[in-house]
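What follows is a set of notes on a single structure, which appears directly below.
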Amino acid sequence: MLPINFNPAIVSRRTALRVGAISIALPFLDIFQPRGLRAAETTPGAGDPTRPRRLLLVARPLGYHAPNFFPTKVGRDYESTRYLKHLDSVRDQLTVISGISHPGHNHHTSEIGFFTGAPRERITQTACCYGLEGVNNTVSLDQYIAERLPSGTRYANLVIGGEYLKKSFTATGVNVPSIESPFEVFKRLFINGTPEEMAREVRRLRHGRSILDRVTGTARTMSLKMGPDDKGRMDQMFTTIREAEKMIVRLQNSAEQGKPKVEYQMPATEPKKEEVVELSRLWFDIARLAFLTDSTRVVMLSFKETGVPKIGDKTLSDHHGLSHHGKDEKKIAELSVVQETEMAEFGRFLSAMKTTREGEGTLLDRTTIFHGSNLGDASTHGCENAPIIVAGGGLKHQGHLAFDQKKNKNLSNLYVRLAQHMGIETDRFGMSDGVLSEI
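Each residue of the sequence shown is one higher than the one before, counting from 1 in my numbering.
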């Protein structure tokens with residue numbers, strides 16, 4: 001499956017096989033030298049397609065002020081903090097995790113490896129070389145899971161929201177760019193064109209299928225001149241082509257049948273990144289609608305958290321500057337207003353998921369939601385003790401699950417657990433050294 005973000009234009013600076021107007025990115029070949037675009041065989045996942053499992057990954061790159069976030073008491077009867085009180089309506093389906101992080105990560109570059117769990121040296125090289133040759137990151141959790149789930153949805157996954165640094169990566173370490181406009185995502189998911197436009201789209205997709213047939217033939221001819229290593233890498237490209245063909249079939253069916261209809265009133269204008277409430281609410285609503293219509297089963301949602309936040313008629317100081325508060329009480333007070341507002345919108349979303357019925361259950365019952373930050377202490381750029389929340393999905397929720405504050409649990413162990421819960425047979429991901437089995 002290809003993500004909604006798939007765009008042949010991403011192959012700039014990379015070798016591509018071109019037939020007509022279509023470009024298919026090649027994997028890294030010794031015969032060419034430049035790095036490739038896509039790898040990873042798709043393997044079927046588990047799960048009943050009539051009761052799908054879903055995953056939402058939410059990233060807040062500037063962390064949360066720890067005293068307002070973490071409870072002091074461990075277990076299900078923890079006392080809600082200033083931030084967590086906004087999640088009380090779903091606390092029976094909630095786990096707050098303390099004492100967890102990616103070992104060795106630090107500073108803002110850790111954002112790049114937040115969902116890959118790659119070692120620090122690899123993500124540092126990725127940050128330095130981003131946009132050039134030599135990207136060293138590994139696959140992110142959203143892409144890893146999306147490629148292993150059963151086919152059936154219109155889009156394998158969505159990568160949406162604002163980004164300061166990139167977070168979604170293919171198996172070859174190439175970034176999958178986020179769609180930063182909620183209006184654009186809503187249009188792609190739910191807005192049909194005119195009958196003429198829909199007919200034109202069907203013709204375009206049919207033409208795309210014939211182009212892929214020609215691409216396959218040309219690629220096989222090229223492979224005759226390659227060594228064993230390159231032939232193995234070309235097999236990865238053929239996997240990409242096969243998945244593109246399947247995607248075109250799904251898109252063609254969708255174009256012929258029309259996109260799902262939703263009852264939702266979009267705002268007259270797109271919220272600005274500074275409008276914390278409006279933008280958060282819109283993104284969360286779109287994610288919920290994407291799951292409700294089964295348009296996708298994996299979503300990564302990022303928030304940029306740059307600029308001067310505006311809450312109601314109150315304009316605060318620069319968000320990034322506030323996060324580096326240096327224990328200044330005035331800055332902490334302003335930062336707490338911003339972060340509490342963010343958490344309140346997350347709580348509103350969780351409540352909406354809990355009240356949205358699906359068969360005998362709810363969307364929250366069947367959607368695992370990860371919400372967290374790569375930074376445990378943004379003021380010092382520290383990554384230890386990251387603020388992590390896992391909600392929904394039918395997991396064994398623990399309330400407040402606490403690990404050692406000085407010898408943190410490996411965050412990749414949680415990712416292994418989430419992948420397993422999505423029906424994927426694996427015991428490793430990123431830098432994992434086990435599985436977080438408590439939930």
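Backbone N, C-alpha and C define an ideal beta-carbon position, used for all residues, glycine too.
Predicted model, so just to flag it, every value in this text is computed and none were measured.
| Runs of beta strand (DSSP E) wholly within the stretch 338 to 421 (minimum 3 residues, chain order) | 367 to 372, 388 to 392 and 399 to 402
| Which one of Ala378, Val159 and Pro119 has the shortest CA to CA distance from Ala287? | Val159
| message | Whole angstroms are fine: how far does the CA of Ala290 sit from the CA of Gln265? | response | Their backbone Cα atoms lie some 15 Å apart in a straight line.
| task | On a CA-only basis, which of Ala352, Gly307 and Gln339 is nearest Gly372? Give me that one, please. | result | Gln339
| query | If Gly423 sits next to Arg53, beta carbons under 8 Å apart, how far is it from one beta carbon to the other, in whole angstroms? | reply | 6 Å
| field | Gly434 versus Glu270: straight-line alpha-carbon distance, rounded | value | Taking the straight line from one Cα to the other gives about 43 Å.
| Run of the beta strand (DSSP E) containing Ala59, from where it starts to where it stops | Arg54 to Ala59
| request: Reducing DSSP to helix, strand and coil, say where Val435 ends up. | output: Here Val435 sits in coil by DSSP.
| message | By the three-class DSSP mapping on this structure, what secondary structure does Val176 have? | response | In this structure, Val176 counts as coil in the three-state DSSP scheme.
| request: Going by DSSP, name the residue or residues bridged to Val159. | output: Met300
| query | Do you know how far the Cα of Ser181 is from the Cα of Gly192? | reply | The question names Gly, but residue 192 is Asn in the sequence shown. Taken atom to atom, the span from the alpha-carbon of Asn192 to that of Ser181 is near 18 Å.
| Enclosing beta strand (DSSP E) for Ser98 [first to last residue] | DSSP places Ser98 in the uninterrupted beta strand (DSSP E) bounded by Leu94 to Ser98.
| task | On a CA-only basis, which of Glu147, Glu275 and Leu363 is nearest Glu425? Give me that one, please. | result | Glu147
| said: Pull the bridge partners of Ser101 from the DSSP assignment, please. | reply: Asn410
| Under the three-state reduction of DSSP, which class applies to Gly321: helix, strand or coil? | helix
| said: In the DSSP assignment, the alpha helix (DSSP H) including Ile191 goes from what residue to what residue? | reply: Segment: none, Ile191 is in no alpha helix (DSSP H) and carries neither H nor E.
| message | Among Gly394, Val96 and Ser168, whose alpha-carbon lies nearest the alpha-carbon of Ser110? | response | Ranked by how close their Cα comes to the Cα of Ser110, the residues Gly394, Val96 and Ser168 have Ser168 in first place.
| task | Grab me the residues of Gly307's own chain with a C-beta within less than 6 Å of its C-beta, minus the 5 sequence neighbours each way, in chain order. | result | Lys273 and Glu274
| said: Buried or exposed for Thr138, going by 16 or more other Cβ atoms inside 10 Å? | reply: buried
| query | Cβ atoms of Ser101 and Asn410: under 9 Å apart, would you say? | reply | yes
| Rounded distance between the beta-carbons of Val96 and His400, thought under 8 Å | 5 Å
| said: In this structure, how does DSSP classify Glu275 when only helix, strand and coil are distinguished? | reply: strand
| message | Does the stretch 374 to 386 come into contact with the stretch 303 to 317, if we say contact requires no fewer than three beta-carbon pairs (one atom in each stretch) closer than 8 Å? | response | no
| message | Among Lys259, Leu165 and Gly217, whose alpha-carbon lies nearest the alpha-carbon of Arg188? | response | Lys259
| Roughly how many angstroms lie between the CA atoms of Val74 and Ala402, to the nearest whole one? | Going from the Cα of Val74 to the Cα of Ala402 covers about 6 Å.
| task | Report the partner residues of Ile112 according to the DSSP bridge assignment. | result | DSSP lists no partner for Ile112.
| said: For Leu335, which residues in the same chain have their Cβ closer than 7 Å to its Cβ, ignoring the five residues on either side in sequence? | reply: His65, Leu322, Ser323 and His325
| said: Looking at the secondary structure, which residues open and close the alpha helix (DSSP H) in which Phe70 lies? | reply: Phe70 -> no alpha helix (DSSP H), and no H or E assigned at all.
| task | Could you give the DSSP three-state label for Thr315: helix, strand or coil? | result | strand
| query | Start and end of the alpha helix (DSSP H) containing Gly141? | reply | With the sequence shown as reference, residue 141 is identified as Leu, and Gly is not the correct amino acid for it. Counting along the chain, the alpha helix (DSSP H) containing Leu141 begins and ends at Leu141 to Ala146.
| task | Can you check DSSP and say which residues form a bridge with Asn106? | result | Gly382
| Is it right to say Ala268 is buried, meaning 16 or more other beta carbons lie within 10 angstroms of its own, or is it exposed? | exposed
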